[in-house]
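Asker: Dumping the structure here so I can ask a few things about it.
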Amino acid sequence: MAEDPSYTSSDDAADGPYAEHAAGEQRIGERIRAALASRTAIAIAIAVVVIALVTLAQIQGTGWQRLLSLTIWGITFGSIIALGAIGLTLIYGVVKFPNFSHGGLVTLGAYVAYTVVTVWPGQSAALRPLSFGWDLVVGLFVAMPVVGLVALVLDRLVYRRLRRQQASLVLFAMASLAMAFLLRSVLYITWGSDFHFYYSGRANPAMALPFNIRIQADQLFTLGLAITLVVALYLMLERTRLGKAMRATANNPELAQIRGINTEKIIGWTWLLSGALAAAGGVIYGLASQVRPEMGFYLLIPIFAAVIMGGIGNPRGALAGALIVGVTQQVSSAFISPAYGPAIAFLLMIIVLLLRPQGLFGH
Amino acid sequence: MTDDAVIKAALLAIPLWIGASAVIRTRWTIRLPAGLIAAIVIALLAVTVLDRGTLSYLVSFACMGGIYALLALGLNVQWGYAAHLNFGIAGLFAVGAFTTALFTTAAPTGLMANYTQQVFGLEAPFLVGMAAAGLVGGIVAFVIAVPVLRLRMDFLAIATLGVAEIIRRIFQNERWLANGPQPLRGIPQPLHCVTENPACGWLPDWAGDALKPLTPGDYNYLYVIIITLVLMVTYLLLEHAVRSPWGRVLRGTRDEEDAATMSGKNVTAVRIQSFVVGGVIMGVAGSLYAHFLVTIDYSHFRPLFATFLVWVMLMLGGSGNNRGAILGAFIIWGVWSGTAFLTDAIEPALNVISSDLASRAAYLRWLLVALVLTGIVLFRPQGILAEETIVSRHLLDRRRRKQGQHRVHERAT
Chain A
21 MAEDPSYTSS DDAADGPYAE HAAGEQRIGE RIRAALASRT AIAIAIAVVV IALVTLAQIQ
81 GTGWQRLLSL TIWGITFGSI IALGAIGLTL IYGVVKFPNF SHGGLVTLGA YVAYTVVTVW
141 PGQSAALRPL SFGWDLVVGL FVAMPVVGLV ALVLDRLVYR RLRRQQASLV LFAMASLAMA
201 FLLRSVLYIT WGSDFHFYYS GRANPAMALP FNIRIQADQL FTLGLAITLV VALYLMLERT
261 RLGKAMRATA NNPELAQIRG INTEKIIGWT WLLSGALAAA GGVIYGLASQ VRPEMGFYLL
321 IPIFAAVIMG GIGNPRGALA GALIVGVTQQ VSSAFISPAY GPAIAFLLMI IVLLLRPQGL
381 FGH
Chain B
1303 MTDDAVIKAA LLAIPLWIGA SAVIRTRWTI RLPAGLIAAI VIALLAVTVL DRGTLSYLVS
1363 FACMGGIYAL LALGLNVQWG YAAHLNFGIA GLFAVGAFTT ALFTTAAPTG LMANYTQQVF
1423 GLEAPFLVGM AAAGLVGGIV AFVIAVPVLR LRMDFLAIAT LGVAEIIRRI FQNERWLANG
1483 PQPLRGIPQP LHCVTENPAC GWLPDWAGDA LKPLTPGDYN YLYVIIITLV LMVTYLLLEH
1543 AVRSPWGRVL RGTRDEEDAA TMSGKNVTAV RIQSFVVGGV IMGVAGSLYA HFLVTIDYSH
1603 FRPLFATFLV WVMLMLGGSG NNRGAILGAF IIWGVWSGTA FLTDAIEPAL NVISSDLASR
1663 AAYLRWLLVA LVLTGIVLFR PQGILAEETI VSRHLLDRRR RKQGQHRVHE RAT
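Taken in sequence, the protein lines are chains A and B. Going by the working numbering, the first residue of the first sequence is number 21, and it counts up by one from there. Going by the working numbering, the first residue of the second sequence is number 1303, and it counts up by one from there.
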């Protein structure tokens, strides 16, 4: 995917008697633009946004302790986004299109785990201090391969045909939008439109940590699970043959094929991984709120914001982006309605896009 | 034939005439009278053959179809002619609908103010509301376009999807703006007084007497005329625009951006213009929707109904072709409405399997439309009507002249 050529050519409209003067100015302009596009400038921009958020929260009279708690919640929320974002960025990198149905995969993961919990014989006792029992852990390990397979099947039925036709990016985007609605309608038909909890009426008290931080054990579990999966994925990408082949395919599919890599097989593995990570994100997101048919769609904007901020196709960038998005979204809830959380994520995304369209970690 | 059937046939003949004149493809002098005759025949047949309920269902179907056709035309300017991947139609549609509602309703006072809150209510006429909706739609489109249009196409899709979702949330959460989560009621219907008794004061006595059989329940027979007029004016303007030099620059920018830049065209400006023109049309469509429904709230502007369906319509009809956009809109709106009957019909069968399943039959419609879109993407991405290759009316005229000469030549030999 090439950079938009109009990015550089859009404002050299100067000609006539002032052309020479304008050219000189443009050089300064380019220098300023280059400075703004540097990683430092973006880090500063993000820092300014975060400081503005904290200041606004202070004006609204939010205490430091609450801010600290919000930040930690933001990190756990960010780790949920990260699981979605890393899967999405892998697909973006290897198959090269924005998968709008990723939110549907997240939701599907939550529902598969919910089904496991409901069909579990007898109610499983909670693993104190966590609010859930072994049934949910089993649900998680069922949901990950199931959703991975669903993603793989969708690829084989739809996206592979488009790849064979060498279809344009738009047709891929349209097809993934269609798959998003297909998944959602299947979810509605199978499970209905009601909201569910994994366990109804089970208390989940917050633990009191030093500095008066209030956090639930489930949130720590979320954090731990996300870290484990991200580290495992990192090791896989860096150390294994599959990971190397995946990175090669993402970089240059033709060259990868010449080197004897079966790119279709690699794409299949990427879908499996992407779906499995989305499912894990969905299961722990359902733990944090409720299981509902639109939960994944709600996450879609923060997920895309994280992916784009980090640089498309870059798992490390997606992780960083997800943490930034998660923290800003939670901290912003100290002074505006939480309904606007996605708007904050979105604003950050636009700032990054304008300064550096290739994202934080892009080249 | 009763009085009210005659009146209805006369009213129906007007939109049918406009539609028929667009479909028949000959010169104007033949097209208009032939269209009129066809329209009168179809209208008379419709009122005699169909029963009251079916007829009024078809009329409100045509109203919604027309509104969707307008949205598809707006998307066609953005996507068909300029390749902007706009996944945020719902946002511009909502902006248009709420703008017109705020402009044409009265600000609530007294006891009503406890139930309805809105930032202002100007009680302006319908046309002012519609113009304002178009203007605000255009402004919002401009605000989106300037920062993101120069970015990659897939970024635009994500950005517009996000903007639409934020707009919906604003209308959902800000009660002071347009009653927040509560519906905004009482949006006036233009020319509604014609159907009342006594009819509007400005109508001459004979017209008032003639229209007496109409009841307020028959209002859609009037509104379908308004929608058809707006649709036709938009269509003609767009057809003119895309065959003008502006339209050629637009397509040139879409297909060969570097070449267009080298020819000295301001590519960025043209891209922004096309996005704004689409935004204006979507705003106007929102305004027509608000006056049609009378009561609107944020939940009407979910991506499914206001973005996804429009994309399916344009893809099916054929992007880059205004006739295709309108055709696709009516076909998909027909499929969408038709599947409501289908799910009603199979509900008893589903009930046998499980009562849960029957209550969820409505979602089968989503499934069907999603499959339709998948089918289009996989098997006929260019749509029913492919893009017309003639980009200039001068070329069209020259070709016609040539064909004419050819015919003369044939006759001579």
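No residue lacks a Cβ here, since even glycine has one placed at the ideal position from N, Cα and C.
#1: What residue does the beta strand (DSSP E) around residue 1336(B) start on, and which one ends it?
#2: Alpha carbons only, please: which of 1398(B), 1385(B), 1481(B) is nearest the one belonging to residue 1429(B)?
#3: Identify, in the order they occur along the chain, each residue of the same chain with its Cβ nearer than 6 Å to the Cβ of residue 330(A), setting aside the five sequence neighbours on each side.
#4: Using a C-beta to C-beta distance shorter than 8 Å, which residues of chain B count as neighbours of residue 106(A)?
#5: Check whether chain A comes within 7 Å of residue 1676(B), counting only Cβ atoms and requiring the distance to be less than that.
#6: In the DSSP assignment, find the beta strand (DSSP E) that holds residue 226(A) and state where it starts and stops.
#7: Assuming residue 1451(B) and residue 1573(B) are in contact, meaning their beta carbons sit under 8 Å apart, how far apart are those beta carbons, in whole angstroms?
#8: Would a C-beta distance cut-off of 7 Å place residue 1593(B) and residue 1489(B) closer than the cut-off?
#9: Could you give the uninterrupted runs of the alpha helix (DSSP H) lying entirely in the segment 314-363 of chain A, keeping only those of 4 residues or more?
#10: Can a CB atom of chain A be found closer than 7 Å to the CB of residue 1715(B)?
#11: Return the residues of the segment 1473-1485 of chain B that lie within a Cβ-Cβ distance of less than 8 Å from chain A, sorted by chain order.
#12: Could you spell out where the beta strand (DSSP E) holding residue 312(A) opens and where it closes?
#13: Starting from the beta carbon of residue 181(A), find every residue of chain B whose beta carbon is closer than 8 Å, and list them in chain order.
#14: Could you give the distance in angstroms between the alpha-carbon of residue 235(A) and the alpha-carbon of residue 153(A)?
#15: Are there 16 or more other CB atoms within 10 angstroms of the CB of residue 1467(B), so buried, or fewer, so exposed?
#16: Which chain A residues are close to residue 1610(B), counting only those with a beta carbon under 7 Å from its beta carbon?
#17: Over what stretch of residues does the beta strand (DSSP E) that includes residue 236(A) continue unbroken?
#18: Quick one: is residue 1602(B) buried, meaning 16 or more other Cβ sit within 10 Å of its Cβ, or exposed?
#19: Determine the direct distance from the alpha carbon of residue 149(A) to that of residue 1582(B), and round the result to whole angstroms.
#20: Output needed in chain order: residues of the segment 359-375 of chain A with a Cβ under 7 Å from some Cβ in chain B.
#21: Where does residue 1378(B) land, buried or exposed, given buried means 16+ other C-beta within 10 angstroms?
#22: Compare the C-beta of residue 1456(B) against all C-beta atoms of chain A and say whether one is closer than 7 Å.
#23: So residue 204(A) contacts chain B; which residues on that side make the cut at Cβ distance below 8 Å?
#24: Just curious, the alpha helix (DSSP H) that residue 216(A) is in, first and last residue?
#25: Closest Cβ-Cβ distance between residue 1453(B) and chain A: below 7 Å?
#26: Along the chain, where does the alpha helix (DSSP H) containing residue 67(A) start, and where does it finish?
#27: Let me make sure I understand the geometry here. Which of 61(A), 300(A), 364(A) has the alpha-carbon closest to that of residue 158(A)?
#28: Taking only runs of the alpha helix (DSSP H) that begin and end inside the segment 1594-1631 of chain B, which ones reach a length of at least 4 residues, in chain order?
#29: With burial defined as no fewer than 16 other Cβ atoms inside 10 Å of the residue's Cβ, what is the status of residue 1417(B): buried or exposed?
#30: Does the distance from the CB of residue 1339(B) to the CB of residue 324(A) come in under 7 Å?
#31: Measuring straight from C-alpha to C-alpha, what distance separates residue 108(A) and residue 122(A)?
#32: Can you round the beta-carbon distance between residue 268(A) and residue 247(A) to whole angstroms, since I take them to be within the 8 Å contact cut?
#33: Do residue 1391(B) and residue 1672(B) have their C-beta atoms closer together than 7 Å?
#34: Hey, how far is the Cα of residue 21(A) from the Cα of residue 1564(B)?
#35: To the nearest angstrom, how far is the alpha carbon of residue 1356(B) from that of residue 1364(B)?
#36: List, in order along the chain, the chain C residues whose C-beta lies closer than 9 Å to that of residue 321(A)?
Answerer: According to the data block:
#1: Note, residue 1336(B): premise wrong, no beta strand (DSSP E); alpha helix (DSSP H) at 1330-1351.
#2: When 1398(B), 1385(B), 1481(B) are compared, the shortest CA-CA separation from residue 1429(B) is found for 1398(B).
#3: Once the five neighbours on either side are set aside, the close Cβ partners of residue 330(A) are 337, 338, 340, 341, 379, 380, 381.
#4: Those within 8 Å of residue 106(A) in chain B number zero; the least Cβ separation is about 17 Å.
#5: Chain A, which has a Cβ nearer than 7 Å to the Cβ of residue 1676(B), makes this yes.
#6: Its beta strand (DSSP E) spans residues 226-229.
#7: The Cβ separation is near 5 Å, so the contact holds.
#8: Yes, the pair counts as a contact, with Cβ atoms nearer than the cut-off.
#9: Correct list: 315-330, 335-352.
#10: Residue placement at residue 1715(B) is poorly supported in this model, since its pLDDT is 46, which falls under 50; the coordinates are not used for a value here.
#11: For the segment 1473-1485 of chain B, residues whose beta-carbon sits nearer than 8 Å to a beta-carbon of chain A comprise 1474, 1475.
#12: Neither: residue 312(A) is in no beta strand (DSSP E) and is coded neither H nor E.
#13: Contacts between residue 181(A) and chain B, judged by CB atoms closer than 8 Å, involve 1680 in chain order.
#14: Taking the straight line from one Cα to the other gives about 19 Å.
#15: That one is buried.
#16: What residue 1610(B) touches in chain A: 197, 201.
#17: Run containing residue 236(A): 233-236, per the beta strand (DSSP E) assignment.
#18: Label assigned to residue 1602(B): buried.
#19: Each residue's alpha carbon lies about 56 Å from the other.
#20: Going along the segment 359-375 of chain A in chain order, one finds 359, 360, 362, 363, 366, 370, 373, 374 with a Cβ nearer than 7 Å to chain B.
#21: Burial call: buried.
#22: Taking Cβ atoms only, chain A reaches closer than 7 Å to residue 1456(B), which makes this a yes.
#23: Ordered by position in chain B, the residues that pass the 8 Å Cβ test against residue 204(A) are 1668.
#24: No alpha helix (DSSP H) contains residue 216(A), which DSSP labels as neither H nor E.
#25: It does; some Cβ of chain A falls within 7 Å.
#26: Start and end: 59-79.
#27: Residue 158(A) has its Cα closest to that of 300(A), out of 61(A), 300(A), 364(A).
#28: Taken in chain order, the unbroken stretches of alpha helix (DSSP H) that lie wholly in the segment 1594-1631 of chain B and span 4 residues or more are 1611-1619.
#29: When all chains shown are included, residue 1417(B) counts as exposed.
#30: Not closer than 7 Å, so no.
#31: Those two C-alpha atoms are separated by around 7 Å.
#32: Going by Cβ atoms, the distance from residue 268(A) to residue 247(A) rounds to 27 Å, so no, they are not a contact pair.
#33: No, the Cβ-Cβ distance between residue 1391(B) and residue 1672(B) is not below 7 Å.
#34: With a pLDDT of only 39 at residue 21(A), under 50, the local geometry of the prediction cannot be trusted, and the value read off the model is given with reservation. If you take the alpha carbons of residue 21(A) and residue 1564(B), they lie about 22 Å apart.
#35: Between residue 1356(B) and residue 1364(B), the C-alpha separation is close to 12 Å.
#36: Given the protein chain composition of this structure (A and B), no chain C is represented.
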